[in-house]
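These protein sequence lines map, in sequence, to chains A and B. Per full-length UniProt numbering, the first sequence starts with residue 1, numbered consecutively. Per full-length UniProt numbering, the second sequence starts with residue 1, numbered consecutively. Even glycine gets a Cβ: it sits at the ideal position worked out from N, Cα and C. Working notes, structure below.
2 protein chains.
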Amino acid sequence: MTRTLIKNLAPLPAGTVTVAGWVETVRDQKKVQFVVLRDESGALQLVNPATRELGEDADDAQRAALAITEAISGLAHGTMVRVTGELKHDERVKLGGLEVKIAELEVVSEALPETPIADDSSLDKRLDWRFLDLRRPEAALIFRIQTTFEHALRTYWVDRDFIEIHTPKLMASASESRAELFELEYFEGKAYLSQSPQFFKQMAQPAGFGRVFEIAPAFRADPSFTSRHATEFTSIDAEFSWIDSHEDVMAMHEELLAAAFTAVVEKHGAEIEALFGVELSVPTLPFPRIPLAEAHEIVKAGGYEVPRTDGDLDPEGERRLSAHVKETYGHDFVFVTDYASGIRPFYHMRHEGDAGLTNSYDLLYNGTEISTGAQREHRVEVLIEQAREKGLEPEELEFYLDFFRYGVPPHGGFGMGLARVLMLMLGLGSIRETTYLFRGPTRLLP
Amino acid sequence: MTRTLIKNLAPLPAGTVTVAGWVETVRDQKKVQFVVLRDESGALQLVNPATRELGEDADDAQRAALAITEAISGLAHGTMVRVTGELKHDERVKLGGLEVKIAELEVVSEALPETPIADDSSLDKRLDWRFLDLRRPEAALIFRIQTTFEHALRTYWVDRDFIEIHTPKLMASASESRAELFELEYFEGKAYLSQSPQFFKQMAQPAGFGRVFEIAPAFRADPSFTSRHATEFTSIDAEFSWIDSHEDVMAMHEELLAAAFTAVVEKHGAEIEALFGVELSVPTLPFPRIPLAEAHEIVKAGGYEVPRTDGDLDPEGERRLSAHVKETYGHDFVFVTDYASGIRPFYHMRHEGDAGLTNSYDLLYNGTEISTGAQREHRVEVLIEQAREKGLEPEELEFYLDFFRYGVPPHGGFGMGLARVLMLMLGLGSIRETTYLFRGPTRLLP
């Protein structure tokens, strides 16, 4: 008999159904047994009137009933079973007002009786057993939200004629900083893992693609252990031509996020509130914009002195700025704009008439940076000058500089961390929770 | 004035417009100049009545006209320009029946006068200058098709409650063969680049995700230089639970491809015929299925002896089988099923009662393999046995084997190479043409 997903049972009439999933709990009472079965769509109560012993005149049906009772008594948590039985609608059943009375039970795959993690296990221990940790309904919901979020991003872009590209992750040189670069043996030479698709999404502009996007892994040999960093993460990237300034990038960025949040709220809003206690709403447009210099003043006026000397905000400064924006504008997002050239990469375009500032922004969401965007410098001689100034050797960048020598339109774009957005959306404490399999300096397994 | 894409000009009335793109050709006649301007959406003829010299009583307008004329004479191929002028509909103009008479011309980004590649450049040379090569309308179309194809795949899956996952590309051990593995320094130890998401998409099954997909890079340290291999490629992967056999996987796979081909034919069918001379159609369902043993007989009956001793088909055998299928069933696709265990990985499930055959298939399209699919072995003791038989150390696979010890549903899936599908769809000779930036043993640049 065809399997029915648990979420599809409610509209069915009473009658025979087949369900399949894993055993969440067993309540093995003397006269009656209850099993909570969970599948990818929900949870269901199964019931079985226990047959504990056979009379001398037991028939086949009674023997089968005894076998089912004993099988249920032996079910370990997590065991995969397929069950056929009678669906009954019963309002008294807390779990969705439904119950299935077991007629046949097949143990498809047994679980070891001792589950290695429990509800109070540490995050690190849960990550050791991530495939069991992901069975929690909250964890599964995170990745259903991820699916909806990404599909909405891509749909927004596809509807606007963006081209999806897959840039190579194997490179001949660094694209960002040499300090956080993974190096590998590549046949007779060396290769490096891409830290971002920056150079190659820019390449699409002289290539005449107009507008491109990519959602793909990026790699940073970053030895830090914060809740916001990973050695491998999913980067959401867009880049497009014929912009006038970073304002055009921000305008697309905020519209894109509003579209994606709309999809998530519509599809998962109620579940997010039920499982995470978060009342998610669609951000209003435009997002507030605050120049970095002004952001510093706001944070300082709030009584906090950012302990960095390079002019950037620190995490506490970001939190305080976001709190101020929330209080003043009622907004969860804020674009911090016009970063100083000293703390931006060489390829950010600088202000016309003030080389100390860049046409760039960071996007903060609920107190944490999720994205950096900018207009790029497309004039090759200026680009070379800026690279030199940052201590880079233009000779090593020749392949990249060539992109700017045969005609290139003004362009810009952004990169955004998927796991960070989800972490902040759901009020979670670490990107380890919103990454399918986290990778850090001491974590390569499972 | 706001830029209008060239493809959006046709419905506009005569009047002032601004367009921007790169110079494809300049025809610099004495009395009149023609420029073909191309942008991401199409090509347009610009016209300028030449002003070659100024009279003694020249006014500002005449001086401006001279400046435009001289600017046009100096335009190198590829230069990015922004032009404002008068749009005129004129049926005599071959290029779309449109012309813009230049009023203002801004050179936004100059190109070096010597373009390093030409129409007759070798593929290898074109790849050296890929960002210029991609300006060809055929090349741009490939990636617009890619965009439509992938979006249709994901939409099919999202509509059916598949979850999108991002599996890590950094691994502690090999997932396929140790022979084609990239190794890197990872802090104090070693890591390996993922050859496929196999283990981790399977992990989603005991995790209770039900159905998952991923489109992401995969890496093979494959020293071969064929038209079908790369060291980095985009892998399209799906995996789902509660299947009865590989037949369930094939049924999803063919439905998925029909959906994606439908989207491509609808959106790009006419352009594909115009630029590639290919009349693309949507494949009918079901695709033909031929067991491998029978495929060998067909090829042999056609007069070809496959020169391999391991029982697999070779590329010529695949071409001949596909030609037979095309002739017999009129179909471009064929599932070759029931591969021998000896030529399949340890995780493929074997036939019940005949361990020599697997519940697996290869999918051939227009004569070449594009995908491998299978039901997976989910019984841990059988899996360990099969791993041992292949010479693998179960101790090295512990993290993977754990996935099968706490309850796992029967499951299966496939992996499919994106660039191969596009190459075969468009009748191209190499995946280098359908990969944004190809990576091979001797190619890491640009």
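| query | Whose Cβ in chain B lies nearer than 7 Å to the Cβ of Ser109(A)? | reply | Contacts between Ser109(A) and chain B, judged by CB atoms closer than 7 Å, involve His378, Gly407, Val408, Pro409 in chain order.
| message | Give me the chain B residues within the contact set of Ala216(A), using Cβ-Cβ distance strictly less than 8 Å, ordered along the chain. | response | Going along chain B in sequence order, the residues near Ala216(A) (Cβ under 8 Å) are Ala216, Pro217.
| said: So, with DSSP's three-state summary, where would you put Phe149(B)? | reply: If DSSP states are grouped into helix, strand and coil, Phe149(B) belongs with the helices.
| task | Taking only the alpha-carbon atoms, compute the straight-line gap between Asp120(B) and Arg126(B) and give it to the nearest angstrom. | result | Going from the Cα of Asp120(B) to the Cα of Arg126(B) covers about 9 Å.
| field | Test item: CB-CB of Thr147(A) and Glu164(B) under 8 Å | value | Contact: yes.
| What residue range is occupied by the uninterrupted beta strand (DSSP E) comprising Val264(A)? | Here Val264(A) belongs to no beta strand (DSSP E); instead the alpha helix (DSSP H) covers 246-276.
| field | Among Glu381(A), Thr69(A), Asn48(A), Glu110(A), nearest to Leu87(A) - alpha-carbon criterion | value | The shortest C-alpha separation from Leu87(A) is found at Asn48(A).
| request: Take Pro113(B) and list the residues in its own chain whose beta-carbon comes closer than 7 Å to its own, dropping the five residues that flank it on each side. | output: In chain order, Ala76 place their CB closer than 7 Å to the CB of Pro113(B), counting only its own chain and leaving out the 5 sequence neighbours on each side.
| said: Tell me the residue span of the alpha helix (DSSP H) that contains Phe404(A). | reply: Boundaries for Phe404(A): no alpha helix (DSSP H) harbours it, and the DSSP string shows neither H nor E there.
| query | To which residues of the same chain is Ala139(A) closer than 8 Å at the C-beta, ignoring the five residues directly before and after it? | reply | Its chain contains Asp133, Glu433 as the residues whose beta carbon lies nearer than 8 Å to that of Ala139(A), once the 5 sequence neighbours on both sides are disregarded; these appear in chain order.
| query | Of all the residues that make up the stretch 130-144 of chain A, which are near chain B by a beta-carbon distance shorter than 7 Å? | reply | Within the stretch 130-144 of chain A, the residues whose Cβ lies closer than 7 Å to any Cβ of chain B are, in chain order, Phe131, Leu132, Leu134, Arg135, Ala140, Phe143, Arg144.
| field | Range of the contiguous beta strand (DSSP E) that encloses Ser430(A) | value | Counting along the chain, Ser430(A) falls outside any beta strand (DSSP E), and DSSP gives it neither H nor E.
| query | Does the stretch 229-245 of chain A come close enough to the stretch 260-278 of chain A that 3 or more CB-CB pairs lie under 8 Å? | reply | As far as the Cβ criterion goes, the stretch 260-278 of chain A does not touch the stretch 229-245 of chain A, which means the pair count is below three.
| query | At least one CB of chain B closer than 8 Å to the CB of His268(A): is that the case? | reply | Closer than 8 Å: no.
| query | Which first and last residues belong to the beta strand (DSSP E) in which Gly21(A) is found? | reply | Segment 15-28, the beta strand (DSSP E) holding Gly21(A).
| Backbone secondary structure at Tyr400(B) - three-state DSSP | If DSSP states are grouped into helix, strand and coil, Tyr400(B) belongs with the helices.
| request: Can you give me the Cβ contacts of Asp237(B) inside the same chain, cut-off strictly under 6 Å, excluding the 5 residues immediately before and after it? | output: Same-chain partners within the cutoff: Pro197, Lys201, Glu214, Gly415.
| Sheet register partners of Tyr339(A) (DSSP bridge) | DSSP lists no partner for Tyr339(A).
| said: Buried or exposed, going by whether 16 or more other CB atoms sit within 10 Å of the CB of Ala419(B)? | reply: By the 10 Å Cβ count, Ala419(B) comes out buried.
| Among Val93(A), Val108(A), Val17(A), which residue has its Cα nearest to the Cα of Val380(B)? | Considering only alpha carbons, the answer is Val108(A).
| said: To be precise: take each residue of the stretch 432-445 of chain B, compare its Cβ to all Cβ atoms of chain A, and keep it if any distance is under 7 Å. Which residues remain? | reply: Cβ contacts with chain A come from Tyr436, Leu437, Arg439, Pro441, Leu444, Leu445.
| request: Determine the direct distance from the alpha carbon of Val83(A) to that of Leu123(A), and round the result to whole angstroms. | output: Going from the Cα of Leu123(A) to the Cα of Val83(A) covers about 33 Å.
| field | Short-range partners of chain A found in the stretch 229-247 of chain B, where Cβ spacing is below 7 Å | value | For the stretch 229-247 of chain B, which is checked against every Cβ of chain A, the residues closer than 7 Å are Thr231, Glu232, Thr234, Trp242.
| field | Endpoints, the beta strand (DSSP E) within which Thr84(A) is located | value | Looking at the DSSP string, the run of the beta strand (DSSP E) that includes Thr84(A) is 80-89.
| query | His253(A) and Gly330(A): beta carbons closer than 8 Å? | reply | No, these two residues do not count as a Cβ contact at 8 Å.
| query | Sorted by chain position, which residues of the same chain lie with C-beta nearer than 6 Å to Gly42(A)'s C-beta, five sequence neighbours on each side aside? | reply | Around Gly42(A): Ile6, Lys7.
| said: Just checking: is the beta-carbon of Asp124(B) within a distance shorter than 8 Å of some beta-carbon in chain A? | reply: Output row for Asp124(B): interface = no.
| query | If you draw a straight line from the C-alpha of Thr309(B) to the C-alpha of Asp362(B), how long is it? | reply | Cα to Cα, Thr309(B) sits roughly 18 Å from Asp362(B).
| field | Cut-off 6 Å between Cβ atoms - residues of its own chain near Asp338(B), not counting five sequence neighbours on either side | value | So the list reads Pro291, Leu292, Leu357, once near-sequence residues are dropped.
| said: Per the DSSP calculation, Phe414(B) is bridged to which residue(s)? | reply: Per DSSP, the beta-bridge partners of Phe414(B) are Ala238(B), Gly373(B).
| field | Those residues which DSSP pairs with Gly210(B) across a bridge | value | According to DSSP, Gly210(B) bridges with nothing at all.
| field | Coarse secondary structure for Asn48(A), derived from DSSP in three states | value | Collapsing the DSSP output to three states places Asn48(A) in a strand.
| query | Just curious, the beta strand (DSSP E) that Asp39(B) is in, first and last residue? | reply | That run of the beta strand (DSSP E) goes 32-39.
| query | Closest by CA to Pro223(A), which one among His229(B), Glu91(B), Gly96(B), Tyr186(B)? | reply | Among His229(B), Glu91(B), Gly96(B), Tyr186(B), the Cα nearest to that of Pro223(A) is on Tyr186(B).
| Three or more beta-carbon pairs under 8 Å between the stretch 23-37 of chain B and the stretch 58-77 of chain B, yes or no? | Yes, since at least three Cβ pairs between the stretch 23-37 of chain B and the stretch 58-77 of chain B fall closer than 8 Å, the two stretches touch.
| field | Interface residues of the stretch 70-99 of chain A facing chain B [CB-CB below 9 Å] | value | So the close ones are Ala76, His77, Gly78, Thr79, Met80, Val81, Arg82.
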